[in-house]
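Number of protein chains: 2
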Amino acid sequence: MNYPNYIKKEKTFRTNYANRGMVLENDLNITNQYYQEKDIAIINKKATPIQVVKVSFNLKKQPTIKEAYFKKPSTTDYNGLYRGKYIDFEAKETKIKKYFPLHNINKQQLKHIKSIIKHQGICFIIVRFTSHNKTYLLKGSSLLEYINTTKKKTIPLSFFEEEGYLIKETYLPRIDYLKIVDQIYFGGQNEEKN
Amino acid sequence: MNYPNYIKKEKTFRTNYANRGMVLENDLNITNQYYQEKDIAIINKKATPIQVVKVSFNLKKQPTIKEAYFKKPSTTDYNGLYRGKYIDFEAKETKIKKYFPLHNINKQQLKHIKSIIKHQGICFIIVRFTSHNKTYLLKGSSLLEYINTTKKKTIPLSFFEEEGYLIKETYLPRIDYLKIVDQIYFGGQNEEKN
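Now the structure itself:
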């Protein structure tokens with residue numbers, strides 16, 4: 077058959093497509109699962125929004141989606157509940173050594189972050205610099221201030237070092253970001269948790 | 077070709093498959109959009125979880141999902157942020173006149189509701205009896221108490237009338253459930269909003 081020549085390959089995934097190669101995402105999923113099992117917080121990754129176009133039904137099996145497309149996310153990746161507060165964050169990793177490119181976070185997402193802060197939710201981003209193996213939490217308010225002040229398209233690593241919070245990586249929980257949340261949003265340690 | 081005979085039909089949807097025939101869901105989406113535009117609350121329907129199995133790539137177009145399946149939801153349908161608090165709820169409609177069948181809410185979802193209440197989130201269900209065209213908000217705690225006390229598999233309409241809160245339907249917002257939330261979770265009207 078004559079396929080158009082732009083069709084190069086067809087790949088098959090048996091695991092969740094959205095997880096493609098993102099180690100940070102996997103670490104966060106394990107961490108959130110730990111928080112849930114230990115009854116510390118209920119924080120989940122939002123499902124990747126998918127536009128379903130064609131579905132095939134048969135009476136014996138479950139319906140099969142035959143044609144669908146990934147949609148661009150308009151909010152952040154994670155949200156949930158911790159110590160009675162609404163928590164919302166986006167997680168990104170970069171291979172670049174000295175800065176984080178801001179095109180990783182789209183305009184709709186920035187609007188969402190602004191909105192969450194306005195409505196008194198806890199909102200931040202988690203950024204991993206994979207070449208240093210260092211993961212930072214940066215408050216949403218610091219991110220917005222940086223963008224409004226500098227008008228730059230990248231955030232230097234030094235900004236994360238100065239304004240962000242380094243998240244210690246341990247065996248379990250893998251990335252204990254709630255320890256940082258306790259410090260900066262609840263004014264100290266969580267006695268119950270520690 | 078010889079297709080196995082259990083393949084009866086193949087349907088094509090141009091709209092979101094998850095919305096199939098659910099008027100309440102559509103009303104809630106319009107309501108949540110209104111809340112967001114008026115900067116009252118940020119509450120979204122969670123994307124239907126989908127297990128992607130096969131993706132086809134081509135260089136000119138976006139990737140196309142060729143095989144995927146709907147997954148059973150393990151949490152509730154909606155969550156978000158209102159007046160600094162985490163909000164979480166499930167919405168269901170029934171054609172049955174005198175009761176609401178509890179099999180509409182699965183065990184995982186009940187566990188989730190329990191967990192949200194424990195962590196001081198606002199959690200409830202919205203149930204519409206389509207034959208009466210009446211929509212009720214029932215607190216998650218009332219739902220759990222009913223289940224624990226009666227061990228029944230249905231909730232009679234009278235329970236919603238007595239323990240639930242009738243949501244007034246207007247043009248905009250379509251189903252103003254936050255008015256009820258103001259009353260029962262914030263102890264009165266929201267001066268800013270009204």
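Protein sequence lines, in the order shown, are assigned to chains A and B.
77 is the number of the first residue of the first sequence in this note's numbering; add one for each residue after it.
77 is the number of the first residue of the second sequence in this note's numbering; add one for each residue after it.
Glycine included, each C-beta is placed from N, C-alpha and C at the ideal position.
Just so we're clear, the structure is a prediction, and the values are computed from it rather than from any experiment.
Can you tell me whether residue i is buried or exposed, with buried defined as 16 or more other CB within 10 angstroms of its CB?
i	result
T152(A)	buried
Y154(B)	buried
V257(B)	buried
E238(A)	exposed
H208(B)	exposed
I116(A)	buried
L273(B)	A query on residue 273(B) cannot be resolved here, the shown segment of chain B reaching from 77 to 270 and no further.
Report yes if the C-beta distance between residue i and residue j is below 8 Å; otherwise report no.
i	j	result
F200(A)	L213(A)	yes
I181(A)	Y253(A)	no
T273(A)	I251(A)	The shown model of chain A, from 77 to 270, leaves out residue 273(A), and the question about it has no answer.
I193(A)	I118(B)	no
L233(A)	K174(A)	yes
Identify, in the order they occur along the chain, each residue of the same chain with its Cβ nearer than 6 Å to the Cβ of residue i, setting aside the five sequence neighbours on each side.
i	result
I189(B)	C199 and G216
K168(B)	N180 and V203
L100(A)	A167, E169 and R204
Y271(B)	There is no way to answer for residue 271(B), as the model of chain B reaches only from 77 to 270.
Ordered along the chain, which non-local residues of its own chain (more than five positions away) have a Cβ less than 8 Å from that of residue i?
i	result
P249(B)	I106, T107, Y110 and Y111
P177(B)	T170, K229 and T230
P139(B)	V131, S132 and F133
Q185(A)	P149, S150, T151, T152 and E166
H179(B)	K229
I172(A)	F205 and S207
K114(B)	none
For chain A, find out if any of its Cβ atoms is closer than 8 Å to the Cβ of residue i; answer yes or no.
i	result
I160(B)	The displayed chain sequence assigns Gly, not Ile, to residue 160(B). Closer than 8 Å: yes.
I119(B)	no
T151(B)	yes
Y261(B)	no
Q109(B)	no
Q138(B)	yes
F200(B)	no
F176(B)	no
Spatial neighbours of residue i within its chain, please: CB distance less than 7 Å, with the 5 preceding and 5 following residues excluded, ordered by chain position.
i	result
K147(A)	P125, I126 and Q127
G263(B)	none
D103(B)	R250 and I251
K255(A)	none
Should residue i be flagged as near chain B, meaning a C-beta pair shorter than 8 Å?
i	result
G197(A)	yes
S191(A)	yes
L157(A)	yes
A123(A)	yes
F165(A)	no
E143(A)	yes
Review point. Does the stretch 114–127 of chain A touch the stretch 221–237 of chain A, meaning 3 or more C-beta pairs lie closer than 8 Å?
Key: Touching, no, given that fewer than three Cβ pairs across the two stretches are closer than 8 Å.
Practice item. Please determine if the stretch 235–247 of chain B and the stretch 143–160 of chain B are in contact, where contact requires at least 3 C-beta pairs separated by less than 8 Å. Key: Contact between the stretch 235–247 of chain B and the stretch 143–160 of chain B is absent, because fewer than three Cβ pairs lie under 8 Å.
Review point. Does the stretch 153–160 of chain A touch the stretch 155–169 of chain B, meaning 3 or more C-beta pairs lie closer than 8 Å?
Key: By the Cβ rule, the stretch 155–169 of chain B counts as touching the stretch 153–160 of chain A, because three or more pairs are nearer than 8 Å.
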